[in-house]
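A.B. asks: Below is the structure I would like to discuss, written out as structure tokens.
In the working numbering, the protein residues as written are 4 to 142.
So, in structure tokens, the structure goes:
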């Protein structure tokens, strides 16, 4: 919805028409004539719904993720990816550095260091391949 150069009264009537769900219920519950300017409506919306927003994480939060002693590679990568997807605009290079720092010392880390993947996607493929090669034999 684009309303440029329109007075506050029209904005206050037009904008709420876009509300759905909780926003619509909140708007309907406002006392009549309690909003007289669009800036008041904007501030009321922000104060009502700002706490509902999930803030995105900072890239630095990836560097605090460490593979625990008793944690499998699969569980570590799942936990890492849950955080990774919450960071907008994260470069593959930075994500790969965080993975390498977070992994516990061992054969897989040595393998990754010798043959570093070019992207997080190729790292995921590397992990899947590693898990397949090192799976316990079922018999």
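We put the CB at the ideal spot given by N, CA and C, even for glycine.
Given the structure is predicted, the values throughout are model-derived calculations rather than measurements.
Is the separation between the beta-carbon of residue 83 and that of residue 68 shorter than 8 Å?
C.D. replies: In this structure, residue 68 lies closer than 8 Å to residue 83 by Cβ.
A.B. asks: With a Cβ-Cβ cutoff of 8 Å, do residue 9 and residue 76 count as a contact?
C.D. replies: Against a cut-off of 8 Å, the Cβ pair of residue 76 and residue 9 comes out as no contact.
A.B. asks: Between which two residues does the alpha helix (DSSP H) containing residue 34 stretch?
C.D. replies: No alpha helix (DSSP H) holds residue 34; DSSP gives it neither H nor E.
A.B. asks: Once DSSP output is grouped into helix, strand and coil, what is the label at residue 40?
C.D. replies: Residue 40: coil per DSSP, three-state reduction.
A.B. asks: In this structure, how does DSSP classify residue 96 when only helix, strand and coil are distinguished?
C.D. replies: In this structure, residue 96 counts as helix in the three-state DSSP scheme.
A.B. asks: Relative to the C-alpha of residue 32, which residue among 14, 51 and 109 is closest?
C.D. replies: Out of 14, 51 and 109, 51 has the C-alpha closest to the C-alpha of residue 32.
A.B. asks: I need the straight-line Cα distance from residue 125 to residue 39, nearest angstrom please.
C.D. replies: Between residue 125 and residue 39, the C-alpha separation is close to 56 Å.
A.B. asks: Applying the criterion that 16 or more other CB atoms from any shown protein chain within 10 Å of the CB defines a buried residue, is residue 43 buried or exposed?
C.D. replies: Counting Cβ neighbours within 10 Å, residue 43 comes out exposed, since fewer than 16 surround it.
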